[in-house]
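Novice:
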Amino acid sequence: MAFVLPELPYAKDAFGDILSAETFDYHHGKHHNAYVTQANDQLAGTDLADASLLTVIKAAKDAGNKKLFNAAAQIWNHTFYWHCLSPVKQEPTGKLAEMITRDFGSTADLLAKLKAESVGHFASGWGWLVLEGDTLKVTSFHDADTPVAYEGVKPLLTLDVWEHAYYVDYRNARPNYLDALLNNAINWEFVSQNLDGAGASRADQG
Ligand SMILES: [Fe+2]
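Taken in order, the sequence shown gives residues 4 to 209; the numbers are from my numbering.
#1: Any heavy atom of ligand 1 closer than 7 Å to the Cβ of H124?
#2: Check whether the Cβ of W191 sits closer than 7 Å to any heavy atom of ligand 1, and report yes or no.
#3: Assuming A5 and N36 make a contact with CB atoms under 8 Å, what is their CB distance in whole Å?
#4: Here's a check: name, in chain order, each residue in its chain whose Cβ is nearer than 6 Å to the Cβ of I103, leaving out the five neighbours to either side.
#5: What runs of the beta strand (DSSP E), each 3 residues or longer, lie entirely inside the region 100-139?
#6: Look up F193 in the DSSP assignment and say whether it is helix, strand or coil.
#7: Is the region 53-66 touching the region 115-133 in the sense that three or more CB pairs, one from each, lie closer than 8 Å?
#8: For the pair the region 138-157 and the region 191-209, tell me if three or more CB-CB distances fall below 8 Å.
#9: Just checking my contact of N197 with P158 at CB under 8 Å: how many whole Å lie between their CB atoms?
#10: So, does the CB of Y84 fall closer than 8 Å to a CB anywhere in chain D?
#11: In chain order, what residues have a CB nearer than 6 Å to some heavy atom of ligand 1?
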């Protein structure tokens with residue numbers, strides 16, 4: 004079964020100036036869609052044609068098939084990223100808020116750390132909040148690389164820092180894009196859900 008471009012969990016104009024409809028037209032409609040096409044083209048007629056997205060990501064990594072890994076991992080990364088965004092401003096609550104205070108001091112400290120990691124990430128990649136054991140960690144991954152390709156790293160929240168994520172609305176100003184998202188547009192409810200360790204499955208398909 005071929006992979007599909009998942010629908011956005013909100014209207015493409017839901018974020019106003021924070022992320023424009025034009026950004027979603029390109030980022031979701033063109034970039035994300037291109038990864039779906041690239042993965043399907045490579046998988047057609049192979050043993051992995053009916054495999055799940057997570058299975059393809061792991062198999063491509065094990066086989067050293069960088070081209071397939073990049074396409075499949077980018078389908079998953081982008082799907083997860085859309086779910087990490089909320090057009091309605093939220094705050095971390097409950098167990099997540101307690102863990103943030105325990106591991107970072109405060110939500111403001113976590114946001115500062117996520118921003119610093121994501122701004123400082125050289126070239127294309129993804130900023131991440133992940134769960135390792137019972138501990139929250141801020142990290143980043145290069146290009147298409149993804150926490151779901153590693154044992155014991157559970158995805159909670161991601162920030163796309165490829166230039167295509169912010170160039171339409173922020174030109175080259177990655178810090179401004181990150182400020183806008185981190186302060187106004189994170190789906191902390193989704194991040195909380197992912198504390199169950201099943202975040203990987205929430206962007207899987209096939
Ligand atoms: Fe992207």
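The beta-carbon is built from N, C-alpha and C at its ideal position, and this holds for glycine as well. Since this is a predicted model, take the numbers as computed values, not measurements.
Specialist: According to the structure shown:
#1: On the sequence shown, residue 124 is found 121 positions in, with the first residue counted as 1. No, ligand 1 has no heavy atom inside 7 Å of this Cβ.
#2: Taking the first residue of the sequence shown as 1, we reach residue 191 at position 188. W191 Cβ: outside cutoff for every heavy atom of ligand 1.
#3: The residue labelled residue 5 in the question sits at position 2 within the sequence shown. The residue labelled residue 36 in the question sits at position 33 within the sequence shown. About 13 Å; that fails the 8 Å criterion.
#4: As a working mapping, residue 103 is identified with position 100 in the sequence shown. The residues are P95, T110 and L113.
#5: Counting only runs of 3 or more, we get 128-135.
#6: Within the sequence shown, numbered from 1, the residue matching residue 193 stands at position 190. Helix, per DSSP.
#7: Judged by Cβ distances under 8 Å, the region 115-133 makes no contact with the region 53-66, as fewer than three pairs qualify.
#8: Contact between the region 138-157 and the region 191-209 is present: 3 or more CB-CB pairs across the two stretches fall below 8 Å.
#9: As a working mapping, residue 197 is identified with position 194 in the sequence shown. As a working mapping, residue 158 is identified with position 155 in the sequence shown. With a contact defined as Cβ atoms closer than 8 Å, N197 and P158 qualify at about 6 Å.
#10: Of the protein chains in this structure there is only one, and it is not chain D.
#11: Going by the Cβ distance cut-off, the answer is H30, H34, H81, D163, W165, H167 and A168.
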